[in-house]
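Here the structure is laid out as structure tokens; the discussion comes afterwards.
Residue numbers (this note's numbering): 22 to 280.
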């Protein structure tokens, strides 16, 4: 999949107020949007003596105050890290839709499903990133009668970038800060499994140096505890590597070991 916009390379000057970044491009300072609510620890190094390169997109929308969007940052170790949290849903949806067209499951445990609905609402307050159904008829049946016996495979997607540098083995971790929303999703998915549904969290790992995955008990011990409780309950955890360069981005079926 090609990026939605052309990506330009610049130098990161600073990130501030979480959603703003100043970058240097062709000798000028440009302020752009940072589409990520996380801390971006291990990605943006404030104390780095070496300038960090970034990829960013530009737009011509006069109504927008900022000129562009930060897409990726080159970490201190040289690895490019994708930070745009809108990309994971897009690439997961594309991977699923393309596999359904070909009649070949993207992941082996999806072989019994033939229809996918993104942004699936499970309650007035909660919307999960997607849901797989065996057939479109099953989807329509649930739409007409939510209490039907049709079983669904629910999917939630989490962008994953945090890789602490003090480890002997490069283990990418989620989350990079306390996330009550992510905790809530685990609780809700365990409740859905008790109703007979299947649930899965896809952690899109947007950095190629990761060799394994684990929940981050240092940043969010409550999430880590819920994570292993959910695994014991049968929730499928799929940390999948994402390949990308300045031209395109795609989800791979390469699953990292969970430790």
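C-beta: ideal position from N, C-alpha, C; glycine also.
Since the model is a prediction, treat every value here as computed from it, not as a measurement.
Collapsed DSSP secondary structure at residue i in the structure displayed
i           : result
residue 263 : strand
residue 70  : coil
residue 174 : strand
residue 117 : helix
residue 150 : strand
residue 22  : coil
residue 219 : strand
residue 130 : helix
residue 231 : coil
residue 28  : strand
residue 93  : strand
residue 102 : strand
residue 86  : coil
residue 123 : helix
residue 278 : strand
Residue range of the alpha helix (DSSP H) that includes residue i
i           : result
residue 244 : 242 to 254
residue 162 : 157 to 165
Residue from the options with nearest C-alpha to residue i
i           : options               : result
residue 37  : 22, 65 and 103        : 65
residue 128 : 216, 280 and 272      : 272
residue 233 : 193, 259, 263 and 204 : 193
residue 147 : 175, 279 and 166      : 175
residue 22  : 53, 108, 208 and 83   : 108
residue 156 : 131, 168 and 274      : 131
residue 169 : 116, 218 and 231      : 218
residue 59  : 39, 48 and 67         : 39
residue 185 : 230, 259, 76 and 25   : 230
residue 167 : 181, 178, 141 and 182 : 141
residue 150 : 190, 117 and 274      : 117
residue 190 : 119, 253, 180 and 279 : 279
For residue i, the residue or residues it bridges with in DSSP
i           : result
residue 33  : 44
residue 270 : 265
residue 51  : 44
residue 75  : 31 and 94
residue 180 : 225
residue 214 : None, per the DSSP bridge assignment.
Where the beta strand (DSSP E) containing residue i begins and where it ends
i           : result
residue 193 : 192 to 195
residue 168 : Residue 168 -> no beta strand (DSSP E), and no H or E assigned at all.
residue 138 : 136 to 142
Proximity test, residue i beta-carbon vs the ligand ADP heavy atom, cut-off 7 Å
i          : result
residue 45 : For the ligand ADP, the structure offers nothing, since it holds no ligand at all.
Original post:
Counting Cβ pairs, one atom from each stretch, are 3 or more of them under 8 Å apart for the segment 70 to 85 and the segment 31 to 39?
Top reply: yes
**OP:** Kindly confirm or deny that the segment 226 to 244 and the segment 190 to 199 touch, where touching means at least three C-beta pairs closer than 8 Å.
**Re:** The segment 226 to 244 is in contact with the segment 190 to 199.
Original post:
Three or more beta-carbon pairs under 8 Å between the segment 83 to 92 and the segment 218 to 228, yes or no?
Top reply: no
Subject >> Given 8 Å, three or more beta-carbon pairs between the segment 96 to 105 and the segment 115 to 125 >> reply: no
Original post:
Okay, do the segment 260 to 275 and the segment 109 to 119 touch, 3+ Cβ pairs below 8 Å being the bar?
Top reply: yes
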